Amino acid sequence: MKREITFKLNNEERKVEVDPGWTLLYVLREVLELTGTKEGCGYGECGACTVIIDGRSVNSCLYPILEAEGRAVTTIEGLRAASGELHPLQRAFVNEGAVQCGFCTAGMIMSAKALIDENEKPTEDDIKDNIAGNLCRCTGYVQIIDAIKTAAGGGRT
Amino acid sequence: MEKFTLIGKNMKRIDTAAKATGEAIFSADLTLPRMLIGKALRSPYPHARIVAIDTSKAERLPGVKAVITAQDMCGDKWGVFRYTQDQQFLPTEKVRYMGEEVAAVAAIDEDTALQALKLIDVQYEALPSVFTIDDAIAAGAPQLHDAYPNNINVHVKIDVGDIEKGFNESYLVREDTFSAPEDAYFQGEPYAVVAQFDQAGNLEIWMPNAGPHMKAKPLSNVLKIPLNKVRVRKITIGGAFGGRSEISPADVICAFLARKAHRPVKIVYTREENTVATRQAHALVTKIKTGVDREGKVLARDITCHMDGGAYSSTGPIATSVPFLCMEQAYRMDNVRYNGYRILTNKPIRGMYRVHGRAFACGIDIQLDMIGAALGIDPLTMRLRNARQTGDYTPTKSYVASCGMTESIVKAGEKSGWKEKFGKLPPYHGIGIGCNSVQTGFPMGIRGGSQAFIKLNEDGGITVITGIVDNGQGNDNMVVQIAAEELGLTPDDVQLISADTEVTPSDPGSYAMCETFIGGNAVRLAAQDVKKKLFRIVAGEFGIGVDNLTARDRKIFVTENPEKSMSIAKAVRIALSRNESISGEGSYWPNVDPKREWVKNPYGQLSETFSFGTVIAEVKVDPETGQVEVLEVTAAQDVGFALNPQVIEGQFEGGVAMGGQGGMLSEFLQWHEGRVLNPTQFGYLVPLAIDMPKINNIIVETIDPNGPYGAKEAGMSVAMSAAQAYCGAISNAVGVYFHDYPITPDKIVKAIEEKKQKENAEVPG
Ligand code: FES
Ligand code: FES
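Below, the structure written as structure tokens:
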């Protein structure tokens, strides 16, 4: 039995017909065709599917879609300014070399966004803790941490 | 004026903005009209005869559009080499590992496809299995393939100089054995394939790959269609590390399903499938006997290595050779014998891995530490005394045109404070060093060279067409950077068409670190070809010689008189109006010995040049818990020339994470009778941000005589040295040399315990 739910997605009110068994990740990727959010495992171990719900970073692969009713969901597609300009985190990831294959990138940036929205001057340890649930096989994390520092205003430019 | 505008400088990669915005499309992101979802049925047995397969129930399930078994294929066997053709994409006779594909379905959605798999009835007759190297080579062991008696898949034998004489002349000889279980590649992106046929029977297919041409040929063979009908398309790739090198059964299955259903099909692997059914890295047992003189110089080495290759050959002959070849490049060894055996077991298939053979590299390096300790020579000095030098030949007869081994050791030593620290650190505090060297390609038959084309647009911009593939390391950017530099353009002026078998010319693929050296040289030559033609036009207009011109800032100007210039756009328009071709072509064939062969003739020039690296790690061990805290890592590599330092540093750091932090502290696959117990992060433990130490990067440049701008490769020698540095540091901290990897906390606690017991026993009274 399909149900209709309403939630705010990247600042836009959306009504979607969903199967109650679906996850938010499934709805984002398969129903709404927002494929920027990735699936690296499907059970909460890699962070590739991270989105922000009401200000908190969440693994969307574990998030039952019905829970999204009435909430505000932000995905990587919602980060650019209306002008098309990259979000400071996106810019910093590009400038600092924090993106290699890019599969983890959307999830990393969303985790980092939840952090710096709340904590303007995160320490290196804050940053490491914040992305502890986001696996990256390529970078060794150094340039990712630099990028987050930069975006938060504390790192190299 | 600076020599280069783009080369040698940090340059933002051209591909990364699309990745940071989520716009880059990976294989699993593709959706095509009427697309079906494909799933493979996998063997629950590690070794079994397939008695019968009944798919009738699955076929009748509403929503199922195609079911395939081995009956749909011609029974062809595939192999990387003619002599290793042993794998059917769907087996006809028996399954050889738990997880091997036996049938597949395509259905309107994933749920239906999964339900259909349950309706396929396969009757198996279980066969006895072998899961370890020892069991596999024991007398009377069950045999996996008729073609490989005693389950010995590959035997590589190298014998150089006179080892008996070397041992006789040695002041000290020791023999040790080192071992490690399998590692998982754990690419960010789980494997995925999308395939469709058009009305003319052309296959279009997208998947992570390390060389589109390497995928196209076997697809053409097994589908029985000409190569020009197989169009492996470019797609963003989420990491490879050696694990996307070959054709995968998933590629073939997806194509067969699409052909049978007359609809596009997508297969997306789960994380478990990616761990079990793509490739794994070999388990190794390495026995090393080394003899040295009083100064620690190696006089003879005898190495026997057994590798657990799993159920099929895969890249077996290469995998059996590479750990040895890297070390024979890194260190001088005039008298050496190597016997490498790849053994088949009823476990998933093993391929080439970025940090291939930790129990080999650590064996060589840690044994040097042990020998040094006996001679009173510190590990760093041991490496300096044995380091490869420019102008040497390796034991298997490769000329070394440029070598920064010594420089990387010295610089890493200085930066890490080796002299002040080694032997002077507090208890349970240690420092260790590792070295290695990698190839920039090897003889790859007709696909060993790379070609590139460049076409000019009337506004002065260019399109570069090359077979080079980007697995995430930044190859696309490297191509654009080189082409733009040569022609005095900005990266925005360059369009790239790459890694598409319909349009792009032959290229070896992203194997063995060859893309910068071989592909990069081809692109540079193509750009120089264009430049020559443009210069001819401008020189004619200005009435001067072509040698007096320079291309920069989208202009061609007189070198001595920069005021006098013509825009590239104008030169292009002149060429067009005169019907003069200004397209460029470049091709590069590396100087390797085509007669060299992995098993039959492992001698001759292996690769045109080699990179050399050193890693030093400093650790603190908690003797109660065995936890290792890595305080600082210093990574140095001779990259030839740093085309883009930021990219190189990222490769160094990624290499330290994979080879050292993961490879020596946590990562290994656990087994129960052929089943992987920890296919996911939960048990496998890829390093996280919180695990990572401070890393110092040192780029050493030797300017290779034939690399593009002197470049070789960007970070593999660091990746392959990190495990040894970690191992040496922990051994130094604990006062015990470790032989079995990774060095997990339980092993450390046990080693400390045993050491204490031994010391107590020795205390009189
Ligand atoms: S896909 Fe959600 S955590 Fe891995
Ligand atoms: S950039 Fe490849 S997984 Fe992070």
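Chains A and B supply the protein sequences, listed in that same order. Going letter by letter, the first sequence gives residues 1432 to 1588 in the working numbering. Going letter by letter, the second sequence gives residues 3 to 767 in the working numbering. By construction, the Cβ of each residue, glycine as well, lies at the ideal position given by its N, Cα and C atoms. These numbers come from a predicted model, not from an experiment.
inquiry  = Between Ile1562 of chain A and chain B, is any beta-carbon pair separated by less than 8 Å?
reply    = As a first step, residue 1562 of chain A is located in the first sequence; it is residue number 131 there, counting from the start. Ile1562 of chain A counts as touching chain B.
query = Which term fits Ile700 of chain B, buried or exposed, when burial requires 16 or more other beta carbons within 10 angstroms of its beta carbon?
reply = Numbered from 1 along the second sequence, position 698 holds the residue referred to as residue 700 of chain B. It is buried - the Cβ of Ile700 of chain B has at least 16 other Cβ atoms within 10 Å.
ask   = Is Thr272 of chain B closer than 8 Å to Val1422 of chain A when the C-beta atoms are compared?
value = Since the displayed chain A opens at 1432 and closes at 1588, residue 1422 of chain A lies outside it and no answer follows.
ask   = Hey, Val621 of chain B and Ile732 of chain B: beta-carbon distance below 8 Å or not?
value = On the second sequence, position 619 is the one that residue 621 of chain B refers to. On the second sequence, position 730 is the one that residue 732 of chain B refers to. Yes, they are a contact pair.
inquiry  = Which residues of the stretch 684-696 of chain B have a Cβ closer than 9 Å to any Cβ of chain A? Give them in chain order.
reply    = Phe684, Val688, Pro689, Leu690, Ala691, Ile692, Asp693, Met694 and Lys696
task = Give the straight-line distance between the Cα atoms of Ala154 of chain B and Leu146 of chain B, rounded to the nearest whole angstrom.
result = Indexing the second sequence from 1 puts residue 154 of chain B at position 152. Indexing the second sequence from 1 puts residue 146 of chain B at position 144. The residue asked about is misnamed: residue 154 of chain B is Ile in this sequence, not Ala. Near 10 Å, if we compare the C-alpha coordinates of Leu146 of chain B and Ile154 of chain B.
query = Less than 8 Å separating the beta-carbons of Thr616 of chain B and Ala313 of chain B?
reply = Residue mapping note: residue 616 of chain B aligns to position 614 of the second sequence, counting from 1. Residue mapping note: residue 313 of chain B aligns to position 311 of the second sequence, counting from 1. Not a contact, by the Cβ cut-off of 8 Å.
task = Indicate, with yes or no, if ligand 1 has a heavy atom lying under 7 Å from the CB of Ala1479 of chain A.
result = Within the first sequence, the letter at position 48 stands for residue 1479 of chain A. True, at least one ligand heavy atom lies under 7 Å from that Cβ.
query = Is any beta-carbon of chain B found at less than 8 Å from that of Cys1492 of chain A?
reply = Sequence index remark: in the first sequence, residue 1492 of chain A carries index 61 (1-based). No, no contact with chain B.
ask   = Between B:Leu667, B:Gly665, B:Tyr686 and B:Lys96, which lies nearest to Trp673 of chain B when the distance is taken from Cα to Cα?
value = Here residue 673 of chain B corresponds to residue number 671 of the second sequence, with the count starting at 1. The shortest C-alpha separation from Trp673 of chain B is found at B:Tyr686.
request  = Can you pull the chain B residues whose beta carbon is under 7 Å from the beta carbon of Phe1438 of chain A, in chain order?
outcome  = Against the first sequence, residue 1438 of chain A aligns to sequence position 7. Neighbours of Phe1438 of chain A on chain B: none; closest Cβ ~19 Å, over 7 Å.
Strand pairing of Ile455 of chain B, partner residues [DSSP] = By one-based count along the second sequence, residue 455 of chain B stands at place 453. Strictly speaking, residue 455 of chain B in this sequence is Phe, with Ile absent from that position. Note: Phe455 of chain B sits in a beta bridge opposite B:Ile467 and B:Glu587.
inquiry  = Less than 7 Å separating the Cβ of Gln475 of chain B from some heavy atom of ligand 2?
reply    = Reading the second sequence from its first residue, position 473 is the one you call residue 475 of chain B. Gln475 of chain B: no, Cβ never under 7 Å from ligand 2.
Within chain B, the residues that Val1504 of chain A reaches when beta carbons sit closer than 9 Å = To locate residue 1504 of chain A, count along the first sequence from 1; it is residue 73. The contacting residues do not exist; Val1504 of chain A stays about 14 Å from chain B at best.
query = Within the present structure, is the beta-carbon of Cys1472 of chain A separated from the nearest heavy atom of ligand 2 by less than 7 Å?
reply = Sequence index remark: in the first sequence, residue 1472 of chain A carries index 41 (1-based). Cys1472 of chain A: no, Cβ never under 7 Å from ligand 2.
key: Proximity test, Cβ basis, 8 Å: Lys14 of chain B and chain A   = Counting from one through the second sequence, the residue named residue 14 of chain B turns up at place 12. Chain A contact via Cβ: present.
task = Assuming Ala1578 of chain A contacts Glu1527 of chain A (C-beta within less than 8 Å), just tell me the rounded distance between them.
result = Residue numbering aside, residue 1578 of chain A sits at position 147 when the first sequence is read from its first letter. Residue numbering aside, residue 1527 of chain A sits at position 96 when the first sequence is read from its first letter. Indeed, because the Cβ distance is near 4 Å, the residues count as touching under 8 Å.
ask   = Name the chain A residues that come within less than 9 Å of Thr277 of chain B, Cβ to Cβ?
value = Within the second sequence, numbered from 1, the residue matching residue 277 of chain B stands at position 275. Residues of chain A passing the Cβ test: none, with the nearest at roughly 10 Å.
task = Specify, as a first and last residue, the run of the beta strand (DSSP E) that Tyr686 of chain B falls within.
result = As a first step, residue 686 of chain B is located in the second sequence; it is residue number 684 there, counting from the start. It is not in any beta strand (DSSP E) - Tyr686 of chain B instead sits in the alpha helix (DSSP H) that spans Gln683 to Tyr686.
query = Comparing the C-beta of Arg1415 of chain A with each C-beta of chain B, is any distance below 8 Å?
reply = The structure shown does not extend to residue 1415 of chain A, since chain A spans only 1432 to 1588, so no value can be given for it.
task = Give the residues of chain A in contact with Glu620 of chain B, contact being defined as C-beta atoms less than 7 Å apart.
result = As a working mapping, residue 620 of chain B is identified with position 618 in the second sequence. Neighbours of Glu620 of chain B on chain A: none; closest Cβ ~17 Å, over 7 Å.
query = Using DSSP with H/G/I as helix, E/B as strand and the rest coil, what is Pro564 of chain B?
reply = Position 562 of the second sequence, counted from the first residue, corresponds to residue 564 of chain B. Of the three classes helix, strand and coil, the one that applies to Pro564 of chain B here is strand, per DSSP.
key: Cutoff 8 Å: Ile1547 of chain A Cβ touching any chain B Cβ   = What you label residue 1547 of chain A is simply residue 116 of the first sequence in a count that begins at 1. Chain B contact via Cβ: absent.
query = By Cβ distance, which residues of its chain are closer than 7 Å to Asn1550 of chain A, with the 5 residues on each side in sequence left out?
reply = Locating residue 1550 of chain A in the first sequence gives position 119, where the first residue counts as 1. So the list reads Asp1557, once near-sequence residues are dropped.
ask   = Rounded to a whole number of angstroms, what is the C-alpha to C-alpha distance between Asp336 of chain B and Val162 of chain B?
value = For the purposes of this step, residue 336 of chain B is taken as the residue at position 334 of the second sequence. For the purposes of this step, residue 162 of chain B is taken as the residue at position 160 of the second sequence. Rounded to the nearest angstrom, the two C-alpha atoms are 7 Å apart.
request  = Could you tell me whether any non-hydrogen atom of ligand 2 is closer than 7 Å to the CB of Val1530 of chain A?
outcome  = Indexing the first sequence from 1 puts residue 1530 of chain A at position 99. For ligand 2, at least one heavy atom lies less than 7 Å from the Cβ of Val1530 of chain A.
query = Glu1516 of chain A CB to nearest chain B CB: under 8 Å?
reply = Walking along the first sequence from the start, residue 1516 of chain A turns up at place 85. Taking Cβ atoms only, chain B never reaches closer than 8 Å to Glu1516 of chain A, which makes this a no.
task = State yes or no: is the C-beta of Gly661 of chain B nearer than 7 Å to some heavy atom of ligand 2?
result = Here residue 661 of chain B is taken as the residue at index 659 of the second sequence, counted from 1. No, since every heavy atom of ligand 2 falls outside the 7 Å radius drawn around the Cβ of Gly661 of chain B.
ask   = Within 7 Å: the Cβ of Cys437 of chain B and any heavy atom of ligand 1?
value = For this step, residue 437 of chain B is matched to residue 435 along the second sequence. No; taking the cut-off as 7 Å, the Cβ of Cys437 of chain B has no heavy atom of ligand 1 nearer than that.
task = Would you mind sorting Lys41 of chain B into buried or exposed? The rule is 16 or more other CB atoms within 10 Å of its CB.
result = In the second sequence, the residue the question calls residue 41 of chain B occupies position 39. Answer is buried; the Cβ neighbour count reaches 16.
ask   = Comparing the C-beta of Ile52 of chain B with each C-beta of chain A, is any distance below 8 Å?
value = Locating residue 52 of chain B in the second sequence gives position 50, where the first residue counts as 1. No - not a single Cβ of chain A is within 8 Å of the one on Ile52 of chain B.
ask   = CB of Glu112 of chain B to nearest heavy atom of ligand 1: below 7 Å?
value = Here residue 112 of chain B refers to the residue found at position 110 when the second sequence is read from its first residue. No, ligand 1 has no heavy atom inside 7 Å of this Cβ.
ask   = Is the closest heavy atom of ligand 4 to the C-beta of Cys1492 of chain A under 7 Å?
value = Within the structure as shown, ligand 4 is missing, the only ligands being ligand 1 and ligand 2.
task = Specify the secondary structure class of Met309 of chain B as computed by DSSP and reduced to three states.
result = Against the second sequence, residue 309 of chain B aligns to sequence position 307. Reduced to three states, the DSSP call for Met309 of chain B is strand.
task = Only counting runs of 3 or more residues, tell me where the beta strand (DSSP E) segments fall wholly within the stretch 1531-1567 of chain A, in order along the chain.
result = none
inquiry  = I need the DSSP call for Ser418 of chain B, collapsed to helix, strand or coil.
reply    = Taking the first residue of the second sequence as position 1, residue 418 of chain B is located at position 416. Looking at Ser418 of chain B - three-state DSSP - the assignment turns out to be helix.
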